[in-house]
Structures are given as structure tokens and as C-alpha cells.
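Taking the UniProt record's numbering, the leading residue of the sequence shown gets 1, the next gets one more, and so forth.
All C-beta atoms, glycine included, are put in the ideal place defined by N, C-alpha and C.
Remember, predicted model here, so these are calculated numbers, not experimental data.
First comes the structure, then the notes that go with it.
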Amino acid sequence: MNDKNICDDPCPIARCLAFLGDAWSLLILRDAHFGLTRFDQFRKNLGIGPAILTRRLATLTAEGLLEKRLYSERPPREEYVLTAAGRDFLPVLFTIGAWGRKYRGEGRLVRILDAETGAEIRPVLVDEVTGIKIGDRPICIAEPDGD
1 MNDKNICDDP
11 CPIARCLAFL
21 GDAWSLLILR
31 DAHFGLTRFD
41 QFRKNLGIGP
51 AILTRRLATL
61 TAEGLLEKRL
71 YSERPPREEY
81 VLTAAGRDFL
91 PVLFTIGAWG
101 RKYRGEGRLV
111 RILDAETGAE
121 IRPVLVDEVT
131 GIKIGDRPIC
141 IAEPDGD
């Protein structure tokens, strides 16, 4: 299956992974949520090569998770800020982090804290319709309705 086929897949997970499927993209989004906005900040914090970072930022911008804003006119410099779609991705990152803490949690790990209360954030996914925790009941997949 190539990226074009994945983008046409009716599964929203496959469609997201078509452009978010590598660790760099997720780590850039993580760092953007922690306040990084500038190319050099991302590069230094992640230890990522400039060519890879340029491609990932371009993809995240084209897909609407980040947007470029001019922060200096002379010389012209842009920063990358989260869009509404990018901000809506935070619970996904927290959920991945919680899974990682549970199943890949050897050694010392950072903790994500509520800035106001100082309490550790422990995400849980709940179905909005039923109020039931996701993962506690069987699921099934419904094919999209025909045109």
C-alpha cells in the first residue's frame, strides 16, 4: 500500500498515518505543544537534520496542523504555530505517552503535569456518546455509506 492508497483509505487512522506516520512528525507536534515555534528550536531539541525537519514542517503545515507566521522582517524569519487541528492533536499525544509509560516505561521518564494544579495528567479516552471508557468493550468497523 503506498501513501496515495492510504490517503484514499476510508479508515481515518490510515489517513492520518499517511502523513503523521513517523516519529519526527509526532515529536515536532509534541515540542510545538511545549512552546517551541522556531526551526532552530526544533532542530536543537530534537537533534534532527535540517533537511528532514524542513520536510516534516512542510508536511505538517500543508496538512493544517501548523501554520507559518512571520516573526522577523529583516531578515525574514518564520515560526511555526499550532492551528486548531494541531491543538486538537494534544490528547492523541498524551494517549501515546500514557501507552508508552505503561508498556515502554523502563527507566526515568518525564511526567506531564497540569500547569495550574501540578497534578500529573493521566489521560483516559471515553466515548462521547456512551460515556464508556474506550478499550473496555468490543468494537466493530462500519464501512462508509455508498454515494
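For residue i versus residue j, is the C-beta spacing smaller than 8 angstroms?
i, j, result
"ALA14", "LEU66", "no"
"ARG69", "GLU78", "yes"
"LEU46", "LEU93", "no"
"ARG43", "LEU53", "yes"
"TYR80", "THR37", "yes"
"LEU60", "THR95", "no"
"LEU113", "ARG101", "no"
Taking just the CA atoms, how far does residue j sit from residue i?
i, j, result
"GLU106", "ASP145", "44 angstroms"
"PRO123", "LEU17", "21 angstroms"
"ILE134", "GLU128", "10 angstroms"
"SER25", "PHE19", "8 angstroms"
"ALA58", "GLY97", "25 angstroms"
"ASP88", "LEU82", "9 angstroms"
"SER72", "ASP40", "14 angstroms"
"ASP8", "ARG137", "29 angstroms"
"ILE132", "TRP99", "19 angstroms"
"ARG55", "GLY21", "13 angstroms"
Taking the DSSP output, what are the residues bridged to residue i?
i, result
"SER72", "ARG77"
For residue i, name the three-state secondary structure that DSSP assigns.
i, result
"ARG122", "coil"
"LEU113", "strand"
"ASN2", "In this prediction, ASN2 scores a pLDDT of 49, lower than 50, which makes its location untrustworthy; no coordinate-derived value is stated."
"ARG137", "coil"
Sequence ranges, beta strand (DSSP E) only - wholly within the UniProt domain "HTH hxlR-type" (11-108), length at least 3:
Here the runs fully enclosed are 66-73, 76-82.
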